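To convert, note that position 9 of the sequence shown is 9 in the working numbering; the numbers rise steadily by one, no gaps.
To start, the structure itself, in structure tokens.
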Amino acid sequence: MAWGNGQFAVVGRGVILTSPDGVTWTPHDSGVFETYDTGITWGNDQFLVVTQGGAILISSNGVAWTRIDEPVSRSLSGITWSGSQFVAVGTGTILTSPDGAQWTLREAGTPHLISSVAWGNGQFVAISINKILTSPDGITWTTRDSGVSVPPPLFGSVELRGVTWGDGRFVAVGEGDTILTSPDGLTWTIQESKVGIPGSSRLESVAWGNGQFVAVGDGGAILTSPDGVTWTRRETETSASFAHIAWGNGQFIVTVYYDDSSSSGWVLTSTDGVIWTRRELGIPIVNFVGVTWGNNQFLVSGSRGILISPNGATWTLYDAGGGFADIAWGNNQFVAVGSSGISRSLCAASVAPSKIGVFRNGDWLLDRNGNGEWEGCSQEGGQDLCISFQPFNRSNGWPVVGDWESGIQSAVGLFRARAGRWFLDRNNNQAWDGCGIDRCYAGFGRAGHRPVTGDWNGAGVTRIGVFRGGEWYLDANGNGRWDGCSPNDVDQCPTLGQSGDLPVVGDWTGAGITQIGVFRDGQWRLDANGNGQWDGCPPDGSDECPIFGRRGDLPITGDWNGVGIARIGVFRDGEWYLDANGNGQWDGCSQDGGQDACFNFGQAGDWPVAGKW
1 MAWGNGQFAV
11 VGRGVILTSP
21 DGVTWTPHDS
31 GVFETYDTGI
41 TWGNDQFLVV
51 TQGGAILISS
61 NGVAWTRIDE
71 PVSRSLSGIT
81 WSGSQFVAVG
91 TGTILTSPDG
101 AQWTLREAGT
111 PHLISSVAWG
121 NGQFVAISIN
131 KILTSPDGIT
141 WTTRDSGVSV
151 PPPLFGSVEL
161 RGVTWGDGRF
171 VAVGEGDTIL
181 TSPDGLTWTI
191 QESKVGIPGS
201 SRLESVAWGN
211 GQFVAVGDGG
221 AILTSPDGVT
231 WTRRETETSA
241 SFAHIAWGNG
251 QFIVTVYYDD
261 SSSSGWVLTS
271 TDGVIWTRRE
281 LGIPIVNFVG
291 VTWGNNQFLV
301 SGSRGILISP
311 NGATWTLYDA
321 GGGFADIAWG
331 NNQFVAVGSS
341 GISRSLCAAS
351 VAPSKIGVFR
361 NGDWLLDRNG
371 NGEWEGCSQE
381 GGQDLCISFQ
391 PFNRSNGWPV
401 VGDWESGIQS
411 AVGLFRARAG
421 RWFLDRNNNQ
431 AWDGCGIDRC
441 YAGFGRAGHR
451 PVTGDWNGAG
461 VTRIGVFRGG
471 EWYLDANGNG
481 RWDGCSPNDV
491 DQCPTLGQSG
501 DLPVVGDWTG
511 AGITQIGVFR
521 DGQWRLDANG
531 NGQWDGCPPD
541 GSDECPIFGR
551 RGDLPITGDW
561 NGVGIARIGV
571 FRDGEWYLDA
581 NGNGQWDGCS
591 QDGGQDACFN
601 FGQAGDWPVA
611 GKW
């Protein structure tokens with residue numbers, strides 16, 4: 001299961017399902033029926049699916065899929081995206097690709113099944129039987145002993161099944177209800193799950209979201225943990241075997257591999273990992289094994305194709321050309337791997353693009369129809385949006401934009417630095433309804449701070465933060481107050497930039513998490529690897545440093561063409577120059593035969609804003 005480009009996706013035997021919200025699901029026929037689709041992920045603006053027979057498929061929207069010729073015919077079981085590279089794993093196999101189209105076979109160092117792979121803390125971690133493999137680049141791999149085995153009187157090996165990165169650590173799960181944790185992927189600690197008898201059952205998958213880890217497995221097992229160490233079993237009222245779990249759009253989705261009490265397919269959804277809701281898929285149960293979120297929808301794969309859903313409740317089945325093992329989103333497309341090759345989809349992404357607007361002396365003028373031209377307020381018969389309600393119209397405040405309640409459209413807000421006060425239009429009705437309905441915060445920031453907003457931990461909700469002189473203070477837990485950033489605290493305080501820089505934020509890699517950056521006189525420094533510090537420009541460094549704009553420009557970022565990834569731009573006295581093709585350089589206006597976007601919207605003295613109005 002995976003989340004990317006605004007939707008979940010899960011995979012199974014020849015079927016992929018997608019959903020934007022975990023409630024409504026749509027099935028898609030993958031067109032590969034030889035074996036199961038065993039894995040799915042989102043990265044580089046595309047979904048990828050892998051299958052047991054070695055096939056890989058790619059899609060940008062989860063509906064139309066393209067199969068890729070891969071250099072092996074072995075079973076593939078898992079796939080992930082690091083922000084710059086896909087890694088697919090299987091039986092004695094590791095493949096890498098920068099774009100999902102061209103793949104290279106790497107030395108795996110083991111003949112056994114490599115069940116799953118994850119990216120975090122600057123390296124890949126793949127799991128196998130009693131072994132853990134690590135690599136900083138996906139090319140050179142080191143085999144490490146997991147330290148687990150089946151105790152007497154059973155003895156034998158322990159197959160690790162799922163791995164994830166979250167909250168500064170890796171968590172791996174497997175047979176015998178095994179749980180391992182590691183801060184770096186190199187040294188691992190065995191944790192006590194207390195949910196079963198060693199060797200008698202297994203955990204299949206684990207995910208991080210909403211401030212906790214959630215693991216799923218046989219016998220309806222769902223466990224939650226705030227730290228990967230202390231685990232609590234949650235009631236599900238089922239003995240079904242769960243295959244995979246993913247986090248996206250503010251909720252968890254769990255897929256069902258086997259349920260002897262039901263003939264129809266279903267998934268579970270939960271916003272907190274504690275209370276779960278069963279969602280019927282509307283098709284016979286088909287051994288769903290993969291799920292992901294991307295392109296503003298969920299995708300699930302199984303033996304009848306691909307199911308797509310915008311919300312996790314309503315699902316639609318599509319033909320995707322086969323059965324898949326795993327699926328990912330990246331590089332503006334979905335990529336699926338499985339039994340009959342590698343497939344991808346280059347169809348246009350379905351996520352809504354960002355639109356532009358300006359804040360002028362307390363008034364908001366927003367390009368609601370997205371044509372880049374001002375066409376008057378809708379309240380006066382025009383086609384665009386004007387907001388002039390207190391307290392959002394204070395001329396001495398900073399405008400902020402965000403998805404304050406995990407909705408679809410962006411809402412406005414205002415930050416008053418002197419008092420550190422925030423006013424957020426929580427219900428997005430473009431009016432102030434008081435702190436009980438809308439949102440008020442006090443004491444987060446002070447004079448000299450510039451506001452920033454973003455989804456700091458992939459929770460699906462925009463949260464607040466401030467920047468000053470290279471220091472960032474981010475409200476990671478979303479309670480509107482500063483709770484510290486020491487190892488035992490819950491907020492974040494990265495350091496990037498210096499005095500005089502302007503802060504910028506965006507999901508630079510399509511990973512579903514907002515990353516930071518700075519702008520100064522046309523030079524950008526973007527934390528592309530998401531570690532909260534500056535690691536230098538390519539080719540030697542792992543961050544990005546495009547040159548776009550000039551002295552006096554105001555930076556602006558947004559998903560300009562709806563691919564699920566933030567791109568840069570500048571505002572200059574009413575003129576907009578947007579890097580629509582995402583290559584980090586100016587390639588001319590599309591109106592003049594170029595590849596980027598130019599608009600005239602606003603005037604000198606305006607402050608630019610971007611969102612999904």
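Glycine included, each C-beta is placed from N, C-alpha and C at the ideal position.
Computed from a prediction, not measured in an experiment: that's the story for all the values here.
Worksheet entry | Cβ neighbour criterion (16 or more within 10 Å) applied to residue 583 | exposed
Item to complete: Have a look at 107, 178 and 460 and flag the residue whose alpha-carbon is nearest the alpha-carbon of residue 140.
Response: 107
Practice prompt. Please go through the same chain and pick out, in chain order, the residues whose beta-carbon is closer than 7 Å to the beta-carbon of residue 484, but skip the five residues on each side of it.
Written response: 491
Worksheet item: In three-state DSSP terms, what is residue 591?
Response: helix
Item to complete: Check whether the Cβ atoms of residue 410 and residue 611 sit closer than 8 Å, and answer yes or no.
Response: yes
Item to complete: Might you give, ordered along the chain, the residues of its own chain that have their beta carbon closer than 6 Å to the beta carbon of residue 355, omitting 5 neighbours on each side?
Response: 367, 370 and 613
Worksheet item: Buried or exposed: where does residue 425 fall if 16 or more other Cβ atoms within 10 Å of its Cβ makes it buried?
Response: buried
Item to complete: Identify whether residue 491 lies in helix, strand or coil by the three-state DSSP scheme.
Response: coil
Practice prompt. On a CA-only basis, which of 399, 279 and 430 is nearest residue 415? Give me that one, please.
Written response: 399
Discussion item. Can you tell me where the beta strand (DSSP E) holding residue 600 begins and where it ends?
Written reply: 597-600
Practice prompt. List the endpoints of the continuous beta strand (DSSP E) containing residue 112.
Written response: Per DSSP, residue 112 belongs to no beta strand (DSSP E) and is neither H nor E.
Fill in: Which of helix, strand or coil DSSP assigns to residue 378
helix
Item to complete: Enumerate in chain order the residues of its own chain whose CB-to-CB distance from residue 509 is below 6 Å, with the five nearest sequence positions on each side excluded.
Response: 83
Worksheet entry | residue 248, DSSP secondary structure in three states | strand
Worksheet item: residue 437 to residue 146, Cα distance in whole Å?
Response: 50 Å
Fill in: Pairwise C-alpha distance: residue 292 and residue 102
22 Å
Worksheet item: So what does DSSP say about residue 154, is it helix, strand or coil?
Response: Low per-residue confidence applies at residue 154: pLDDT is 39, beneath 50, and the placement is therefore not dependable, though the value from the model is reported in the following sentence. Coil.
Worksheet item: Which of helix, strand or coil does DSSP assign to residue 326?
Response: strand
Worksheet entry | Spatial neighbours of residue 218 in its chain, beta-carbon cut-off 7 Å, leaving aside the 5 residues before and after | 201, 202 and 241
Worksheet item: Apart from the five residues just before and just after residue 546, which ones in its own chain have a Cβ nearer than 7 Å to its Cβ?
Response: 524, 568, 584 and 585
Worksheet item: Name the DSSP bridge partner or partners of residue 525?
Response: 518
Fill in: Span separating the alpha-carbon of residue 19 from that of residue 256
15 Å
Fill in: Where residue 219 falls: helix, strand or coil (DSSP)
helix
Worksheet item: What number of angstroms, rounded off, separates the C-alpha of residue 607 from the C-alpha of residue 359?
Response: 5 Å
Discussion item. Mapping the DSSP letters down to three states, classify residue 19 as helix, strand or coil.
Written reply: strand
Worksheet item: Does the distance from the CB of residue 210 to the CB of residue 167 come in under 8 Å?
Response: no
Discussion item. So, under 8 Å CB-CB, residue 274 and residue 236 are touching, yes? Tell me the CB distance rounded to an integer number of Å.
Written reply: That pair is no contact at about 11 Å.
Discussion item. On the DSSP letters alone, give me the boundaries of the beta strand (DSSP E) that residue 207 sits inside.
Written reply: 203-209
Worksheet item: Helix, strand or coil: how does DSSP classify residue 268 here?
Response: strand
Item to complete: Compare the beta carbon distance of residue 624 and residue 122 with 8 Å and say whether it is the shorter of the two.
Response: Lying before the first or after the last residue shown, residue 624 is absent from the chain, which here runs from 1 to 613.
Worksheet item: From this set, 212, 131, 129 and 135, which residue's C-alpha is nearest residue 85's C-alpha?
Response: 135
Discussion item. Taking only three categories from DSSP, how would you classify residue 548?
Written reply: coil
Worksheet item: Contact check, residue 443 vs residue 468 under 8 Å by CB: the rounded distance?
Response: That pair is no contact at about 15 Å.
Worksheet item: Would residue 565 count as contacting chain C if we go by Cβ distances under 8 Å?
Response: Among the protein chains of the structure shown there is no chain C, as only one such chain exists.
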